[in-house]
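Trainee: Starting off with a structure, shown below.
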Amino acid sequence: TVILGLESSCDETAAALVTGDRRILSHKLAGQEAAHAPYGGVVPEIAARAHVEILGPLVEAALEEAGVALSDVDAIAATAGPGLIGGVMVGLVTGKALALASGKPLVAVNHLEGHALSPRLADPDLQFPYLLLLVSGGHCQLLLVEGVGRYRRLATTIDDAAGEAFDKTAKLLGLGYPGGPRVEEAAKQGDPLAVPLPRPLLGSPEPHFSFAGLKSAVLRARDAGVYRAEDIAAGFQKAVVDCLEDRTIRALRSAHGATALVVAGGVAANGAVRAMLETLAANAGLRFVAPPLWLCTDNAAMIGWAGAERFAAGLTDPLDTPARARWPLDPEAEKVRGAGV
Ligand code: ATP
Ligand code: MG
Ligand code: FE
Numbered sequence: 002t003v004i005l006g007l008e009s010s011c012d013e014t015a016a017a018l019v020t021g022d023r024r025i026l027s028h029k030l031a032g033q034e035a036a037h038a039p040y041g042g043v044v045p046e047i048a049a050r051a052h053v054e055i056l057g058p059l060v061e062a063a064l065e066e067a068g069v070a071l072s073d074v075d076a077i078a079a080t081a082g083p084g085l086i087g088g089v090m091v092g093l094v095t096g097k098a099l100a101l102a103s104g105k106p107l108v109a110v111n112h113l114e115g116h117a118l119s120p121r122l123a124d125p126d127l128q129f130p131y132l133l134l135l136v137s138g139g140h141c142q143l144l145l146v147e148g149v150g151r152y153r154r155l156a157t158t159i160d161d162a163a164g165e166a167f168d169k170t171a172k173l174l175g176l177g178y179p180g181g182p183r184v185e186e187a188a189k190q191g192d193p194l195a196v197p198l199p200r201p202l203l204g205s206p207e208p209h210f211s212f213a214g215l216k217s218a219v220l221r222a223r224d225a226g227v228y229r230a231e232d233i234a235a236g237f238q239k240a241v242v243d244c245l246e247d248r249t250i251r252a253l254r255s256a257h258g259a260t261a262l263v264v265a266g267g268v269a270a271n272g273a274v275r276a277m278l279e280t281l282a283a284n285a286g287l288r289f290v291a292p293p294l295w296l297c298t299d300n301a302a303m304i305g306w307a308g309a310e311r312f313a314a315g316l317t318d319p320l321d322t323p324a325r326a327r328w329p330l331d332p333e334a335e336k337v338r339g340a341g342v
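For the sequence shown, the UniProt record's numbering assigns the number 2 to the initial residue and increments by one for each residue that follows.
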């Protein structure tokens with residue numbers, strides 16, 4: 002099977018052709034960093050307009066590079082949420098139009114499912130269930146991935162996402178946007194022990210994450226005026242790694258039957274995070290699986306792959322499927338959110 006994947010939920014416009022046997026025939030991606038950089042973050046309206054302009058040509062380029070005609074595609078997979086609603090609508094409406102024009106089925110993909118299943122695109126041996134640390138710009142969760150469409154959330158953040166914390170720290174330190182890679186670069190020149198920073202919820206009996214207090218501490222450290230930005234960046238990154246480690250160790254205790262420890266989402270591109278998880282997995286006697294860096298941050302190959310997995314399971318969606326700004330992977334866990342977390 003050949004699946005066309007579309008992604009437009011944030012500030013990456015992307016189209017890719019992926020096969021059910023894990024071949025990536027083409028993947029095209031246009032970042033919008035230059036458009037958003039003056040604002041220090043993603044401006045939803047600018048993002049949506051950019052998606053409108055770029056997505057069509059990217060789809061054509063992806064088909065051409067793959068040497069595939071639209072009529073040869075088995076299904077069209079588009080991100081239907083969660084994300085910035087204007088952008089999500091652009092990709093989903095484009096997917097619907099292509100589905101209608103070609104007579105092929107639509108697969109409405111949850112962007113988080115794209116991240117969650119992306120390690121299986123990279124690694125044919127990765128079997129369900131696996132413990133997934135999903136760390137991205139908008140999310141920080143530990144999920145037991147039991148199968149396609151079957152996700153049990155073990156932990157989430159009670160305030161900021163890990164990637165959000167990286168982005169805010171970069172902004173506070175004047176390192177620019179996008180934040181994660183800039184903080185990682187700066188941290189390489191810094192001493193992680195030079196600045197005392199907190200590790201929120203470390204050792205807590207609750208399973209969850211918290212990063213807001215760390216961000217505030219970064220602000221205080223900056224305003225103290227005595228620390229180098231590189232040292233603050235290094236201390237911040239170490240604190241995030243320590244928190245992710247502690248919470249992942251805790252989740253491993255309840256992740257019965259997990260065959261592997263897996264990381265996905267943009268923060269999975271971070272070398273210190275990957276190194277920590279690799280050690281942790283080795284100590285737990287589990288395989289460690291991480292997608293290649295380009296597959297960690299937003300892209301359309303992961304959406305095409307999630308589409309391929311859903312299509313293989315007989316899951317397609319009607320053309321009136323709505324775009325959703327919010328769309329939890331584990332609706333059960335989301336219900337208790339109101340009752341505390
Ligand atoms: P979501 O997937 O939750 O909707 P998103 O799509 O914006 O959010 P991703 O594209 O998956 O998130 O990841 C982007 C995030 O990853 C940003 O917050 C960015 O700072 C972070 N990130 C990217 N590279 C690195 C890195 N090397 N170190 C730390 N963080 C990084
Ligand atoms: Mg992005
Ligand atoms: Fe993402």
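A virtual CB, placed ideally from N, CA and C, is assigned to each residue, including glycine.
May I have the straight-line CA-CA distance separating Gln190 from Pro293, to the nearest angstrom?
Mentor: The residue labelled residue 190 in the question sits at position 189 within the sequence shown. The residue labelled residue 293 in the question sits at position 292 within the sequence shown. Gln190 and Pro293: Cα-Cα distance of roughly 24 Å.
Trainee: Pairing CB atoms from the segment 246-261 with CB atoms from the segment 164-180, are three or more of them under 8 Å?
Mentor: They do not touch, by the three-pair rule.
Trainee: What residue range does the alpha helix (DSSP H) around Val94 cover?
Mentor: Within the sequence shown, residue 94 is the residue found at index 93, counting from 1. Segment Ile86 to Ser103, the alpha helix (DSSP H) holding Val94.
Trainee: May I ask whether a heavy atom of ligand 3 can be found less than 7 Å away from the beta carbon of Asp12?
Mentor: The count along the sequence shown starts at 1 and reaches residue 12 at position 11. Incorrect: Asp12 has no Cβ contact closer than 7 Å to ligand 3.
Trainee: Is there at least one non-hydrogen atom of ligand 3 closer than 7 Å to the beta-carbon of His52?
Mentor: In the sequence shown, residue 52 corresponds to position 51, counting from 1. His52: no, Cβ never under 7 Å from ligand 3.
Trainee: Mapping DSSP to helix, strand and coil, what is Asn271?
Mentor: Within the sequence shown, the letter at position 270 stands for residue 271. In this structure, Asn271 counts as coil in the three-state DSSP scheme.
Trainee: Does the beta-carbon of Ala162, which I'm using as the reference point, lie nearer than 7 Å to any heavy atom of ligand 1?
Mentor: Along the sequence shown, read from residue 1 onward, the residue named residue 162 stands at position 161. It does: the Cβ of Ala162 is within 7 Å (strictly closer) of some heavy atom of ligand 1.
Trainee: Tell me whether Trp306 is buried or exposed, calling it buried when 16 or more other Cβ atoms sit within 10 Å of its Cβ.
Mentor: By 1-based counting over the sequence shown, the position of residue 306 is 305. So Trp306 ends up on the buried side.
Trainee: Could you check where the alpha helix (DSSP H) with Arg121 kicks off and where it finishes?
Mentor: Start at 1 with the first residue of the sequence shown, and residue 121 comes out as number 120. Where Arg121 is concerned, the enclosing alpha helix (DSSP H) stretches over His112 to Ala123.
Trainee: Per DSSP, Arg311 is paired with what?
Mentor: Counting from one through the sequence shown, the residue named residue 311 turns up at place 310. Beta-bridge pairing links Arg311 to no other residue.
Trainee: Between Ala81, Leu26 and Pro120, which has its C-alpha nearest Arg288's C-alpha?
Mentor: To locate residue 288, count along the sequence shown from 1; it is residue 287. If we check each option's Cα against that of Arg288, Pro120 comes out closest.
Trainee: Compute the beta-carbon to beta-carbon distance between Thr2 and Ala309, rounded to the nearest angstrom, for a pair I have assumed lies under 8 Å.
Mentor: To locate residue 2, count along the sequence shown from 1; it is residue 1. To locate residue 309, count along the sequence shown from 1; it is residue 308. That belief holds up - the Cβ atoms of Thr2 and Ala309 are roughly 6 Å apart, short of 8 Å.
Trainee: Hey, which unbroken runs of the beta strand (DSSP E) at 3 residues or more fall wholly within the segment 213-298?
Mentor: Those beta strand (DSSP E) runs which fall completely within the segment 213-298 and span 3+ residues are 261-265 and 288-290.
Trainee: Pull up the distance between the alpha-carbon of Arg153 and that of Ala78, whole angstroms please.
Mentor: As a working mapping, residue 153 is identified with position 152 in the sequence shown. As a working mapping, residue 78 is identified with position 77 in the sequence shown. Those two C-alpha atoms are separated by around 23 Å.
Trainee: Within 7 Å: the Cβ of Phe167 and any heavy atom of ligand 1?
Mentor: Within the sequence shown, the letter at position 166 stands for residue 167. Yes; taking the cut-off as 7 Å, the Cβ of Phe167 has a heavy atom of ligand 1 nearer than that.
Trainee: Indicate the three-state DSSP secondary structure (helix, strand or coil) for Arg153 in the structure shown.
Mentor: Your numbering for residue 153 matches position 152 in the sequence shown. In the structure shown, Arg153 sits in a strand (DSSP, three-state: E or B).
Trainee: Compute the beta-carbon to beta-carbon distance between Gly82 and Ala302, rounded to the nearest angstrom, for a pair I have assumed lies under 8 Å.
Mentor: For the purposes of this step, residue 82 is taken as residue 81 along the sequence shown, with counting starting at 1. For the purposes of this step, residue 302 is taken as residue 301 along the sequence shown, with counting starting at 1. Contact flag wrong, Cβ pair sits at about 19 Å.
Trainee: By DSSP, does Ala28 sit in helix, in strand, or in coil?
Mentor: The count along the sequence shown starts at 1 and reaches residue 28 at position 27. The residue asked about is misnamed: residue 28 is His in this sequence, not Ala. Three-state DSSP puts His28 in a strand.
Trainee: Is any heavy atom of ligand 1 found at a distance shorter than 7 Å from the C-beta of Ser137?
Mentor: Counting from one through the sequence shown, the residue named residue 137 turns up at place 136. Because some heavy atom of ligand 1 lies under 7 Å away, the Cβ of Ser137 counts as near it: yes.
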